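Inspection log for the structure reproduced underneath, given as C-alpha cells.
Residue numbers (full-length UniProt numbering): 1 to 425.
Structural data, given as C-alpha cells:
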C-alpha cells in the first residue's frame with residue numbers, strides 16, 4: 001500500500017475502501033441506465049451492460065493504479081445521450097458508425113493528453129472559472145440528487161421543475177436521509193455517507209417502502225458480448241456528419257474531463273496522468289461497444305467521504321467487477337438512500353463560491369454563467385461553453401482583452417464553434 005502514499009495523504013486503507021464503496025453505490029445506477037439509453041441507438045442492452053461494467057471497472061482501477069487519483073471512470077450521463085440522440089438520432093449514423101466516431105475522438109483525446117496541449121489548456125483557464133466549474137458541478141449534483149430522491153420533479157406545463165410530493169414515504173425518507181447524512185458528516189463520523197446509505201436502505205426494506213424490482217440481467221449473456229466488441233463502421237469516415245460528430249464529441253470529452261478534474265482533483269499534480277487515463281479509456285470504451293467514459297461527478301461523494309488516493313478508485317473498480325455477479329442486489333438500494341449523499345456532496349463543492357472575486361463583474365459573471373448553466377442545461381460542457389465564450393467578451397468590455405491568455409482565446413473560439421456545430425446538427 002506504500003504505492004498510494006496513504007500515510008503521506010493522512011488516510012488509511014479502511015478510509016479509502018469506505019470512500020470507494022461510497023462512490024460505487026452513488027454511481028451504481030449507471031450499470032442499468034447506460035445500457036437502456038444506448039439501446040435506443042440500437043445497441044442491445046443485455047450486451048452493453050457488460051461493456052458498461054467492464055469499462056467502469058478497468059477505468060477506475062487504471063485511474064487508481066496509474067493516475068493515483070480517487071476518481072471513478074464510468075460512461076458519462078450526457079455523453080451517452082449525445083451518442084444516442086445526436087450522433088445516431090439527429091445525424092443519422094448507425095451505432096457502429098457512432099462507435100467509430102468515439103474511436104477517432106479518443107485518438108485526438110490521447111494526442112492532447114500526451115503533448116503539452118493539455119497543460120496549456122488548464123493553465124489558460126482563469127481561477128475564477130475553475131472555481132465556477134467546481135461550484136457548477138456541485139449545483140448539478142444537488143439537482144440530480146433531489147430529482148433522484150423525488151424531492152424535485154418535472155413541473156410540466158407550469159414549471160420546468162417543481163417540489164415533489166413530500167407525503168410519499170419514499171420521498172420522506174430521502175429528506176430524512178439528507179438530514180441524517182448531513183449530521184453524520186458535520187460530526188465527522190467515519191464513513192458518514194456510507195452509513196447514511198445503509199440506514200436508509202434498511203429502513204426502506206423493513207417498512208416495505210421500497211419495492212425491489214425484477215432484474216432482467218443475466219450473466220449467461222456474457223458469451224454473446226463479443227458481438228458488439230470492436231463493431232466499428234468507418235464507411236462514412238470523411239462525410240460531413242461524421243466530421244462534425246468527431247469535432248463536437250472531442251470538444252465535449254476533452255473539456256468535460258478538464259472541468260471535472262479541475263473541479264474534483266484536490267492534488268493537481270495528478271492531472272496529467274489522470275487525463276491520460278481518461279483518454280485511453282475513451283478508446284477502450286469504443287472497443288467495448290459503449291459510449292465514452294468520463295471522470296464521474298459522483299466521484300466527489302467518495303472524496304468527501306475521505307477518499308484521497310487511487311485506492312478509492314481501485315475499490316470502486318473492484319466493486320464494479322463484482323457487480324457482474326451481484327447486479328440484481330443493487331435493486332435493493334433505493335434512490336432515496338443514494339440521493340442524500342449526492343445532494344450533500346454537491347452542496348460541499350459549492351464552498352468554492354467564496355474564492356470567486358465578486359468585486360470584479362468581468363470575473364464573476366462568466367463564472368456565474370457556468371454555475372447556473374451546467375444544472376439548467378444538464379450538461380457540463382454546455383455550461384463551460386457559456387462561461388468560456390463570455391469571459392473574453394467581458395474582459396474586452398473592461399479593456400483587459402489582451403490580459404487574457406492566448407490559449408484562453410483559442411479555447412473560447414473552439415467552444416463557440418462547438419455551440420454552432422451542435423446547433424447545426
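Even glycine gets a Cβ: it sits at the ideal position worked out from N, Cα and C. Please read all numbers here as calculations on a predicted model, not as lab measurements.
Residue pairing by DSSP places residue 153 opposite 162 in a beta bridge.
Short of 6 Å from the beta carbon of residue 61, and not among the five residues preceding or following it, lie these beta carbons of its own chain, in chain order: 314, 317. The Cβ-Cβ distance between residue 346 and residue 142 falls below 9 Å.
Remark: C-beta atoms of residue 278 and residue 103 do not approach each other more closely than 9 Å. Each residue's CA atom was taken as its position, placing residue 245 and residue 34 some 20 Å apart. Counting the other Cβ atoms within 10 Å of the Cβ of residue 190 gives fewer than 16, which makes it exposed.
Look at the beta carbons and you see the segment 71-80 touching the segment 285-300: at least three pairs across the two are nearer than 8 Å. Taking all protein chains shown into account, residue 158 has fewer than 16 neighbouring C-beta atoms within 10 Å of its C-beta and is therefore exposed. A check of alpha carbon separations from residue 69 across 265, 88, 31, 153 identifies 265 as the nearest.
For residue 294, there is no enclosing alpha helix (DSSP H); the enclosing beta strand (DSSP E) has its first and last residue at 293-295. A contact between stretches requires three or more CB pairs, one per stretch, nearer than 8 Å, and the segment 333-348 meets this requirement with the segment 162-180.
Contact check for residue 336 and residue 208: beta-carbon distance about 13 Å, past the 8 Å limit, so the pair fails to qualify.
Per DSSP, the continuous beta strand (DSSP E) segment holding residue 75 begins and ends at 73-75.
Residue 44 and residue 361 have their C-alpha atoms some 50 Å from each other. Buried is the label assigned to residue 276, since at least 16 other Cβ atoms lie within 10 Å of its Cβ.
In the DSSP assignment, residue 145 falls within the unbroken alpha helix (DSSP H) covering 127-148. Judged by their CB atoms, residue 388 and residue 249 are not nearer to each other than the 9 Å cut-off. Contact between residue 288 and residue 51 holds, with the beta-carbon distance rounding to 4 Å and staying under 8 Å. Distance from the Cα of residue 328 is smallest, within the candidate group 305, 218, 243, for 218. Taking a 10 Å sphere around the C-beta of residue 258, we find 16 or more other C-beta atoms and assign the residue as buried. Annotation for residue 397: 362 place their beta carbon closer than 8 Å to its own, counting only its chain and skipping 5 residues before and after. Boundaries of the alpha helix (DSSP H) harbouring residue 95: 95-113, taken from the DSSP string. In the assembly as shown, residue 308 is a buried residue. Its beta-carbon has 16 or more other beta-carbons within 10 Å.
Counting other Cβ atoms within 10 Å of its Cβ, residue 79 reaches 16 or more and is therefore classed as buried.
Counted as a single uninterrupted DSSP element, the stretch harbouring residue 9 is not any alpha helix (DSSP H), since DSSP gives it neither H nor E. Closest in alpha carbon position to residue 409, among 120, 101, 99, 29, is 120.
Rounded to the nearest whole angstrom, the C-alpha separation of residue 130 and residue 263 is 7 Å. Every beta strand (DSSP E) stretch that sits fully inside the segment 286-341 and reaches 3 residues is listed by chain position as 293-295. For residue 395, the uninterrupted alpha helix (DSSP H) segment begins and ends at 380-398. Cβ-Cβ separation between residue 260 and residue 137: approximately 7 Å, consistent with a contact (criterion under 8 Å).
Ranked by how close their Cα comes to the Cα of residue 354, the residues 63, 411, 128 have 128 in first place.
If you draw a 10 Å sphere on the C-beta of residue 15, you find 16 or more other C-beta atoms in it, and that means buried. By the neighbour-count criterion, in which 16 or more other beta carbons inside 10 Å mark a residue as buried, residue 13 falls on the exposed side. Here residue 403 is not near residue 18, since their CB atoms are 9 Å or more apart. By the Cβ neighbour-count rule, residue 395 is buried, with 16 or more other Cβ atoms within 10 Å of its own.
Shortest Cα-Cα distance from residue 356 to any of 348, 367, 290 involves 367.
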